Amino acid sequence: MDAQGEASTSKITPSSTQASGIFSHFQPYARSKAPALALSTLFAGSVFVPPTLLRPNVYFPPYLHRVGFSLVFGGAAYVLSTGDERNGSGIATAWSLTYLFLNLKASLRSPRHPLTLAMAGGAAGCAALYGTEYFVYQT
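As structure tokens, this is what we get:
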């Protein structure tokens with residue numbers, strides 16, 4: 029087999045680098061679909077919270093935000109499961125930051141609901157995890 033044939037069968041992509049230091053423990057998660065799928069499940073589960081369970085003046089993201097972001101994070105998990113780490117991590121990063129832009133301030137305002145804090149925390153975690161993979165380790 030010639031050098032060109034060996035390069036085409038290799039699983040290592042030339043556009044990504046191996047992490048070193050503390051992020052090396054987290055890089056396998058940044059290339060897997062599990063965090064995006066977990067966040068999608070969290071948003072999908074929040075759809076079933078009835079408004080009657082909420083105390084007065086407690087912020088809860090709008091229904092369409094919860095459904096829409098659940099679908100988007102599920103789509104990012106699908107893209108990651110096909111092996112496209114570049115686009116999957118980019119989708120997860122962009123939409124996590126979009127959710128935080130739209131809902132973070134209201135989610136942190138008192139009185140708080142634990143589920144809104146979990147959704148904001150999960151979005152921040154996915155933005156940090158996938159964002160580091162997208163912006164630092166993929167060129």
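First residue of the sequence shown: 29, per this note's numbering; consecutive thereafter.
For every residue, glycine included, the Cβ atom is placed at its ideal position computed from N, Cα and C.
This one's a predicted model, so the numbers in the text were calculated from it and none came from an experiment.
Open item on the list: Measuring alpha carbon to alpha carbon, tell me which residue in Thr-144, Tyr-106, Ser-60 and Glu-113 is nearest Tyr-127.
Closed with: Thr-144
- [ ] Taking Pro-56 as the reference, give the member of Leu-92, Pro-139, Leu-108 and Pro-84 with the closest Cα.
- [x] Leu-108
Task: Buried or exposed by the 16-neighbour rule on C-beta atoms within 10 Å, applied to Tyr-91 - done: exposed
Task: Environment of Thr-45 [buried if 16+ CB atoms lie within 10 Å] - done: exposed
Task: Residue interval of the alpha helix (DSSP H) (run including Pro-78) - done: Taken as a continuous stretch (DSSP letters only), Pro-78 belongs to no alpha helix (DSSP H), as it is neither H nor E.
Open item on the list: Here's the rule I'm using: 16 or more other beta-carbon atoms within 10 Å means buried, otherwise exposed. How should Pro-89 be labelled?
Closed with: buried
Task: Nearest residue (CA-CA) to Ala-134, options Phe-76, Thr-110, Val-86 and Phe-163 - done: Val-86
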